[in-house]
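Asks:
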Amino acid sequence: MDMLSMSIGVLFIGMYLNSRFGFLKRNYIPPAVTGGLVFSVISTLLFLTWQVEFDFDMRFRDLLLLVFFSTVGLSARISQLTNGGRALLYMVAVAAAFLIIQNIVGVGFAYVMDAPLGYGLMAGSISLAGGHGTAAAWAVEAESVGLVRAGEIGLVFATFGLVSGGLLGGPIARLLIGRNDLPTPGKESRDTAPEVADGPVRAGVFADYPLFPVLRALLILALCVSLGDMVNRALADSGLKLPGFLTSMFVAIALTNLGEAFGHPSDLRTIGGFGGVSLHLFLTMSMMTMQLWHLSSLFVPVVLLLALQVLVMTLFATYVVFRVMGADYDAAVLAAGFTGLGLGATPVAIANIEAVTEHYGPSPKSFLVIPLVGAFLIDLLNAGVIKLFIKLIY
């Protein structure tokens with residue numbers, strides 16, 4: 004059985020388990036993580052019992068990574084950034100500061116433990132603020148320079164961050180609202196989150212072809228991957244080495260904004276579908292190939308560093324994000340969303356915001372700012388911060 008068919012089967016198992024166990028669904032654990040983790044546990048038991056080890060071809064996984072980050076770039080419309088105003092600028096500044104702090108904690112812990120500093124970076128913003136996709140992507144780069152098992156470490160931290168980000172956001176908002184006696188809008192004025200229309204996609208002479216949106220999205224994604232590879236090679240020849248997924252994302256940002264400027268916006272619904280499939284399969288493959296038996300000796304350091312990162316996130320959201328964003332009800336909701344964003348992923352951040360506003364009332368500012376930052380800005384900031392730390396520690 005090849006990697007693709009097996010990963011799809013494992014993904015279905017993850018979907019089934021998520022539907023059966025409320026804890027997984029409530030904490031927004033991706034089915035790829037659930038199924039992939041189950042597979043990696045089983046493969047670990049097989050290895051420890053009978054020395055059976057799976058050997059997978061990872062080339063298709065690497066292509067899926069490029070496709071996913073291309074979809075991220077295609078959703079990054081510069082025209083939306085002006086709607087966030089001053090709050091968006093403040094949140095971007097806060098996010099940049101936190102990414103640096105998160106990496107200082109990780110690298111500092113690695114230094115104290117006399118471990119390679121690159122492992123501390125993997126346990127910082129790469130896996131926590133970056134999430135599973137970024138962790139798996141940078142793990143390829145890390146392992147290529149000798150950081151063995153970097154992928155397993157990154158995915159372990161990303162998984163824990165996803166859970167803790169979903170668990171902490173609501174309590175932090177409740178603490179801030181209660182301790183500061185903040186006035187809240189109340190349930191009776193609750194609105195739904197604002198939505199941004201995708202805009203009409205002009206099919207023209209292809210309107211009679213149902214497959215046109217799919218083929219159009221495939222063409223755009225293929226261009227992003229191909230042109231991204233060309234840009235990556237050109238930059239490498241000039242001495243600037245970047246991961247391939249970053250150049251694909253930059254090309255996608257350029258293409259989608261050019262298309263919008265000339266009246267041809269991207270079909271975000273179709274592209275989002277490709278993004279979801281590519282991300283879930285990529286994560287499933289990455290989780291399936293984790294060799295957990297290599298992490299047994301790292302159990303205590305991993306737990307200690309995870310606890311430290313959660314403590315830092317809690318203090319930062321409570322005392323920095325809340326105050327910088329205005330120390331009002333919106334700021335409390337933004338602190339909850341930022342917790343999900345800084346430890347988990349954008350869906351976790353949105354889930355935190357929805358949980359808080361469901362009880363206390365609407366916060367349109369939060370629903371506007373957090374998705375804009377989480378959609379692509381934090382990835383761009385994180386890429387820059389990661390490259391900065393790589394230069395500092397190597």
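Position in the sequence shown (from 1) plus 3 gives the number in the numbering used here.
Beta carbons: idealized from backbone N, C-alpha and C, even for Gly.
(1) Could you check what DSSP says for T52 in three-state terms: helix, strand or coil?
(2) Helix, strand or coil for N183, going by three-state DSSP, please let me know.
(3) Assuming L3 contacts V108 under a Cβ cut-off of 8 Å, what Cβ separation, rounded to an integer in Å, is found between them?
(4) Measuring CB to CB, does L384 end up less than 7 Å from A79?
(5) For A220, name the three-state secondary structure that DSSP assigns.
(6) Return yes when the Cβ of V13 is within less than 7 Å of the Cβ of T162, no when it is not.
(7) Where P220 and G136 are concerned, what is the direct C-alpha to C-alpha distance, given to the nearest angstrom?
(8) Helix, strand or coil for Y397? Go by DSSP, reduced to three states.
(9) Contact between the region 248 to 255 and the region 227 to 238 is defined here as three or more beta-carbon pairs at a separation below 8 Å; is this criterion met?
(10) Can you give me the C-alpha to C-alpha distance between F160 and A132, rounded to a whole angstrom?
(11) Between E191 and the rest of its own chain, which residues show a CB-CB distance below 7 Å, the 5 nearest in sequence each way excluded?
(12) Between the region 329 to 347 and the region 165 to 183, can you find at least three pairs of beta-carbon atoms closer than 8 Å?
(13) I'd like the span of the alpha helix (DSSP H) that includes K368, first residue to last.
(14) How would you label L92, buried or exposed, when you count the other beta carbons within 10 angstroms and need 16 or more for buried?
(15) Which residues bound the alpha helix (DSSP H) around Q312?
(16) List, from N- to C-terminal side, the alpha helix (DSSP H) runs of 4 residues or more that fit wholly inside the region 114 to 140.
(17) Sorted by chain position, which residues of the same chain lie with C-beta nearer than 6 Å to A138's C-beta, five sequence neighbours on each side aside?
(18) With burial defined as no fewer than 16 other Cβ atoms inside 10 Å of the residue's Cβ, what is the status of L222: buried or exposed?
(19) Taking all protein chains shown into account, decide if D184 is buried (16 or more other Cβ within 10 angstroms of its Cβ) or exposed.
(20) Measure the alpha-carbon distance for S212 versus G76 and round it to whole angstroms.
(21) Mind checking which residues open and close the alpha helix (DSSP H) that includes T292?
(22) Cβ of G343 within 7 Å of Cβ of A352?
(23) Restricting to runs no shorter than 4 residues, where is the alpha helix (DSSP H) found entirely within the region 74 to 103?
(24) Y332 to K28, Cα distance in whole Å?
(25) If the criterion is Cβ atoms closer than 7 Å, does the pair A145 and G121 meet it?
(26) Need the endpoints of the alpha helix (DSSP H) that L249 sits in, please.
(27) Closest by CA to I274, which one among L391, C227, F101?
(28) Going by beta carbon distance, what residues of the same chain come within less than 7 Å of S43, once the five residues before and after it are set aside?
Replies: Quick answer:
(1) helix
(2) coil
(3) In the structure displayed, the chain extends from 4 to 397; residue 3 sits before or after that span and is not available.
(4) Result no, Cβ atoms of L384 and A79 do not sit closer than 7 Å.
(5) helix
(6) no
(7) The displayed chain sequence assigns Ala, not Pro, to residue 220. Distance between the alpha carbons of A220 and G136 is about 21 Å.
(8) If DSSP states are grouped into helix, strand and coil, Y397 belongs with coil.
(9) yes
(10) Looking at the backbone, the Cα of F160 and that of A132 are separated by about 10 Å.
(11) Note that E191 scores a pLDDT of 49, beneath 50, so its modelled location is shaky; the value from the coordinates is reported in the next line. Result list for E191: empty, nothing under 7 Å.
(12) yes
(13) Run containing K368: 367 to 375, per the alpha helix (DSSP H) assignment.
(14) exposed
(15) 302 to 319
(16) 120 to 124
(17) I129, S130, G157, L158, A161
(18) exposed
(19) exposed
(20) The question names Ser, but residue 212 is Tyr in the sequence shown. Roughly 27 Å between the two C-alpha positions.
(21) Where T292 is concerned, there is no enclosing alpha helix (DSSP H), given that its DSSP letter is neither H nor E.
(22) yes
(23) 81 to 84
(24) 27 Å
(25) yes
(26) Per DSSP, L249 belongs to the alpha helix (DSSP H) from 247 to 264.
(27) C227
(28) M290, M291, M293, L295
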